[in-house]
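To keep things clear, I will list the structure first and then write my remarks on it.
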Amino acid sequence: MDLEVIERLMQMLSNSDVEEMEVTEGNLRIRLAKGATARSNTTPVASSHNAYSAIQTADAAEAAIDSNVHTIVAGLPGTFYRAPAPGTAPFINAGDEIRDGQQLAIVEAMKMMNPVEADCDGTVLEILLDDAAAVQAGTPLFRIRKLAG
């Protein structure tokens, strides 16, 4: 995917009501976001799982240096909850060790509580959203440092 295509995608996103989009070409995945979900207030953000980014942000640059950093994203739109119930302790906190399959949060969609589970072993580097935040499918929720192995 060349820079011209990425620039056209960015222009399409900025001229639409869509808040974010994700495009995959081969093993390259680019996610563009604007508005409250973007990490930058001035430009859409591009990121990918293979540690290549067309637009380098501080987070993307860090991820490019450290391929063990993994982002867990929402699988469906809804409301993000860090704890199993109001007033209870959150499932996890930054710095916690997690295991593949461990429940990390909940996304409520149409009164259904959908667990957000870890897809790797590692350490929680960052929780990217506040409790009760609205999410869309693909919204980044957690940054995880994968355990080597």
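The sequence shown begins at 1 in the UniProt record's numbering and counts up one residue at a time.
Every residue gets a Cβ at the ideal spot worked out from N, C-alpha and C, and that includes glycine.
Since this is a predicted model, take the numbers as computed values, not measurements.
Residue i - DSSP class collapsed to helix/strand/coil
i: V124; result: strand
i: L32; result: strand
i: E20; result: strand
Classification of residue i by the beta-carbon crowding that lies within 10 angstroms, buried from 16 upward
i: R143; result: buried
i: A105; result: buried
i: G122; result: buried
i: E97; result: exposed
i: A132; result: exposed
i: R31; result: buried
i: E4; result: exposed
i: M10; result: buried
i: K34; result: buried
i: A85; result: exposed
i: R8; result: exposed
i: S40; result: Caution is warranted here: a pLDDT of 39 is assigned to S40, below 50, making its placement in the model unreliable, and no coordinate value can be reported.
Cβ-based neighbour list, residue i, same chain, cut-off 7 Å, excluding 5 preceding and 5 following
i: residue 151; result: Examination of residue 151 is not possible in this model, given that the chain is present from 1 through 149 alone.
i: N102; result: It should be noted that the sequence gives Gln, not Asn, for residue 102. Within the same chain, Q102 has close Cβ partners E117, A118.
i: P77; result: A109, V135, Q136, A137
i: P115; result: Q103, I106
i: M113; result: I106
i: P140; result: T71, V73, L128
i: Y81; result: A105, I106, E108, D131, A132
Chain C within 7 Å of residue i, Cβ atoms only
i: F142; result: Protein chain content of the structure displayed is limited to a single chain, and chain C is not contained in it.
Neighbourhood of residue i by C-beta, 6 Å cutoff - its chain only, sequence neighbours within 5 removed
i: R99; result: D121
Cut-off 8 Å between Cβ atoms - residues of its own chain near residue i, not counting five sequence neighbours on either side
i: N93; result: V124, I127
i: E22; result: R29, I30, R31, L32, G138
Discussion item. Quick check on the DSSP output: what are the complete beta strand (DSSP E) runs of length 3 or more inside the UniProt domain "Lipoyl-binding" (71-145), in order along the chain?
Written reply: 78-81, 103-109, 112-117, 122-127, 133-135
Worksheet item: If we count Cβ pairs, one from each stretch, closer than 8 Å, do we get three or more for the segment 133-148 versus the segment 66-80?
Response: A contact exists between the segment 133-148 and the segment 66-80.
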